[in-house]
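Novice: Starting off with a structure, shown below.
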Amino acid sequence: MAAPQDQRIAVPIDDPNADTEWNDILRKHGVIPEREPSPTPMIEEALNEARRLAHENRLQGKDLDELDELEDEEDEEFLEIYRQQRMRELNALRKKSVHGSVYPISKPDYSREVTDASQEGPVFVNLTSSQGTNAESRVLSELWRQAAQEYGDIKFCEIRASQAIENYPERNCPTILVYNKGDIVKQIVTLMTLHGVRMSMLDLDDLLVEVGALSRDDMRVLKRRREAEDLEEEKLMSKGIKSSSDRPSRGDDDDDDDDWE
Numbered sequence: 344m345a346a347p348q349d350q351r352i353a354v355p356i357d358d359p360n361a362d363t364e365w366n367d368i369l370r371k372h373g374v375i376p377e378r379e380p381s382p383t384p385m386i387e388e389a390l391n392e393a394r395r396l397a398h399e400n401r402l403q404g405k406d407l408d409e410l411d412e413l414e415d416e417e418d419e420e421f422l423e424i425y426r427q428q429r430m431r432e433l434n435a436l437r438k439k440s441v442h443g444s445v446y447p448i449s450k451p452d453y454s455r456e457v458t459d460a461s462q463e464g465p466v467f468v469n470l471t472s473s474q475g476t477n478a479e480s481r482v483l484s485e486l487w488r489q490a491a492q493e494y495g496d497i498k499f500c501e502i503r504a505s506q507a508i509e510n511y512p513e514r515n516c517p518t519i520l521v522y523n524k525g526d527i528v529k530q531i532v533t534l535m536t537l538h539g540v541r542m543s544m545l546d547l548d549d550l551l552v553e554v555g556a557l558s559r560d561d562m563r564v565l566k567r568r569r570e571a572e573d574l575e576e577e578k579l580m581s582k583g584i585k586s587s588s589d590r591p592s593r594g595d596d597d598d599d600d601d602d603w604e
């Protein structure tokens, strides 16, 4: 007796992901799995949300002068909300701005001016080189002075490395030490990881944010970042215009053709 033949019918399936009536029938009967939802609506929703947030936060980080310049472009009531917010932020900063300059310290002062003082907030110490030929040390000292002036609510100290730590290697200068609650929470030896002699206030801002000395949405940080982005955009536009002007005009090409005739 012959073996019974398989009576099952093969169901034709072309593309299980295709949006067809036949595939709908197969999905209904569990022959093929349900289609995964299209990512397009989610992407569009995310883009719309990003645009909404960008529009709502378009005045984030602008100072009072910049807000005044937008009087003809923005709703006055909306601007006033940001003006009041900026005034509150500025008043809070003025109350906390008890420093304003770099503290040159000696070894006997170190515990009081750095370790003990860090109980009230982060303290940044620059261990400088004793040699005037150390370019990185000169760069950091200049940034230290600028930061101390801009961020009067943060304490910046400076001491020669050889005075702070006996026999400290010159090759390790400058060294940044960040204290908080009496402990070292961050140590950076030389500026190699901070773009070296090209280190800028943008790099220092990132460090201040990283250790919690500044918030990421601090208006001073946002303003510098925005100015840097605007400057970069201007450079790119200028470069594009220059590249276009360097191309020979059609008239120049015609003149070259005439020379060959």
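For the sequence shown, this note's numbering assigns the number 344 to the initial residue and increments by one for each residue that follows. The beta-carbon is built from N, C-alpha and C at its ideal position, and this holds for glycine as well.
(1) Might you give, ordered along the chain, the residues of its own chain that have their beta carbon closer than 6 Å to the beta carbon of Ile448, omitting 5 neighbours on each side?
(2) With 16 as the cutoff for other CB atoms within 10 Å, does Ile497 come out buried or exposed?
(3) Only counting the same chain, and skipping five residues up and downstream in sequence, which positions put a Cβ closer than 7 Å to that of Thr363?
(4) Evaluate Leu537 with the Cβ neighbour count: other Cβ atoms within 10 Å of its Cβ, from every protein chain shown; 16 or more gives buried, anything less gives exposed.
(5) Apart from the five residues just before and just after Leu486, which ones in its own chain have a Cβ nearer than 6 Å to its Cβ?
(6) For Ala491 and Ala460, what's the separation of their Cα atoms in angstroms?
(7) Where does Lys524 fall in DSSP's three states?
(8) Among Ile368, Met544, Leu470 and Lys371, which residue has its Cα nearest to the Cα of Leu520?
(9) State the Cα-Cα distance for the pair Val482 and Val564, rounded to the nearest angstrom.
(10) Using only the alpha-carbon positions, how far apart do Phe467 and Lys566 sit?
(11) Start and end of the beta strand (DSSP E) containing Arg503?
(12) Grab the span of the alpha helix (DSSP H) containing Leu534 for me, first residue to last.
(13) Rounded to whole angstroms, what's the CA-CA distance from Thr458 to Cys516? Just pull it up for me.
(14) Just verifying my parser: in three-state terms, what is the DSSP assignment at Thr363?
(15) Rounded to the nearest angstrom, how far is the Cβ of Ala504 from that of Leu545, given a contact under 8 Å?
(16) Mind checking which residues open and close the alpha helix (DSSP H) that includes Val482?
(17) Among the candidates Leu369, Met542, Ser543 and Ala556, whose CA atom is the shortest distance from the CA of Glu463?
(18) Would you kindly work out how many angstroms separate the C-alpha atoms of Arg541 and Met535, rounded to a whole number?
(19) Quick one: what's Asn469 bridged to in DSSP?
(20) Kindly indicate the opening and closing residues of the alpha helix (DSSP H) around Glu553.
(21) Let me know if Ala478 comes out buried or exposed under the rule of 16 or more other beta-carbons within 10 Å of its beta-carbon.
(22) Would you report the Cα separation of Pro451 and Asp526, rounded to the nearest angstrom?
(23) On the premise that Lys529 lies in contact with Val554, defined as a C-beta separation below 8 Å, what is that separation, rounded to the nearest angstrom?
(24) Straight-line CA distance for Ser543 to Arg378?
(25) For Ile531, I'd like the list of residues in its chain whose CB is within less than 6 Å of its CB, leaving aside the five on either flank, ordered along the chain.
(26) Going by other Cβ atoms of all chains shown within 10 Å of its Cβ, with 16 needed for buried, is Pro512 buried or exposed?
Specialist: Taking the structure as given:
(1) For the purposes of this step, residue 448 is taken as residue 105 along the sequence shown, with counting starting at 1. So the qualifying residues of the chain are Glu456, Cys500 and Ile502.
(2) To locate residue 497, count along the sequence shown from 1; it is residue 154. With 16 or more other Cβ atoms within 10 Å, it is buried.
(3) Translated into the one-based positions of the sequence shown, residue 363 becomes position 20. Leaving aside the five residues that flank Thr363 on each side, none in its chain has a CB nearer than 7 Å to its CB.
(4) As a position in the sequence shown, residue 537 is number 194, starting the count at 1. Within 10 angstroms of the beta-carbon of Leu537 lie 16 or more other beta-carbons, which makes it buried.
(5) Taking the sequence shown and counting its residues from 1, the one referred to as residue 486 is at position 143. For Leu486, where only same-chain residues beyond five positions count, the Cβ hits under 6 Å are Leu547.
(6) For the purposes of this step, residue 491 is taken as the residue at position 148 of the sequence shown. For the purposes of this step, residue 460 is taken as the residue at position 117 of the sequence shown. Approximately 16 Å, taken between the alpha carbons.
(7) Indexing the sequence shown from 1 puts residue 524 at position 181. Of the three classes helix, strand and coil, the one that applies to Lys524 here is coil, per DSSP.
(8) Taking the first residue of the sequence shown as 1, we reach residue 520 at position 177. Measuring C-alpha to C-alpha distances from Leu520 to each of Ile368, Met544, Leu470 and Lys371 identifies Leu470 as the nearest.
(9) Along the sequence shown, one-based indexing puts residue 482 at 139. Along the sequence shown, one-based indexing puts residue 564 at 221. Their backbone Cα atoms lie some 20 Å apart in a straight line.
(10) The residue you call residue 467 lines up with position 124 of the sequence shown. The residue you call residue 566 lines up with position 223 of the sequence shown. It is roughly 22 Å from the alpha-carbon of Phe467 to the alpha-carbon of Lys566.
(11) Along the sequence shown, one-based indexing puts residue 503 at 160. Note, Arg503: beta strand (DSSP E), Lys498 to Arg503.
(12) As a first step, residue 534 is located in the sequence shown; it is residue number 191 there, counting from the start. First-last for Leu534: undefined, no H or E at that position.
(13) Locating residue 458 in the sequence shown gives position 115, counting from the first residue. Locating residue 516 in the sequence shown gives position 173, counting from the first residue. When rounded, the distance between both Cα atoms is 21 Å.
(14) On the sequence shown, position 20 is the one that residue 363 refers to. Correct three-state label for Thr363: coil.
(15) As a working note, residue 504 is residue 161 in the sequence shown. As a working note, residue 545 is residue 202 in the sequence shown. In this structure Ala504 is not in contact with Leu545, their Cβ atoms being roughly 25 Å apart against a cut-off of 8 Å.
(16) In the sequence shown, residue 482 corresponds to position 139, counting from 1. Counting along the chain, Val482 sits inside the alpha helix (DSSP H) bounded by residues Ala478 to Glu493.
(17) Here residue 463 corresponds to residue number 120 of the sequence shown, with the count starting at 1. The shortest Cα separation from Glu463 among Leu369, Met542, Ser543 and Ala556 belongs to Ala556.
(18) What you label residue 541 is simply residue 198 of the sequence shown in a count that begins at 1. What you label residue 535 is simply residue 192 of the sequence shown in a count that begins at 1. Between Arg541 and Met535, the C-alpha separation is close to 10 Å.
(19) By 1-based counting over the sequence shown, the position of residue 469 is 126. Per the DSSP secondary-structure output, Asn469 pairs in a beta bridge with Glu501 and Ile519.
(20) As a working mapping, residue 553 is identified with position 210 in the sequence shown. In this chain, the alpha helix (DSSP H) harbouring Glu553 covers Met544 to Glu553.
(21) If you number the sequence shown from 1, residue 478 lands on position 135. With fewer than 16 other CB atoms across the displayed protein chains lying within 10 angstroms of its CB, Ala478 is exposed.
(22) Counting from one through the sequence shown, the residue named residue 451 turns up at place 108. Counting from one through the sequence shown, the residue named residue 526 turns up at place 183. One C-alpha to the other measures close to 18 Å.
(23) Locating residue 554 in the sequence shown gives position 211, where the first residue counts as 1. Locating residue 529 in the sequence shown gives position 186, where the first residue counts as 1. Their Cβ separation, rounded to whole angstroms, is 5 Å, which keeps Val554 and Lys529 in contact under 8 Å.
(24) By 1-based counting over the sequence shown, the position of residue 543 is 200. By 1-based counting over the sequence shown, the position of residue 378 is 35. Distance between the alpha carbons of Ser543 and Arg378: 52 Å.
(25) Sequence index remark: in the sequence shown, residue 531 carries index 188 (1-based). Counting only Cβ-Cβ distances below 6 Å, and skipping sequence neighbours, we find Ile519.
(26) If you number the sequence shown from 1, residue 512 lands on position 169. So Pro512 ends up on the exposed side.
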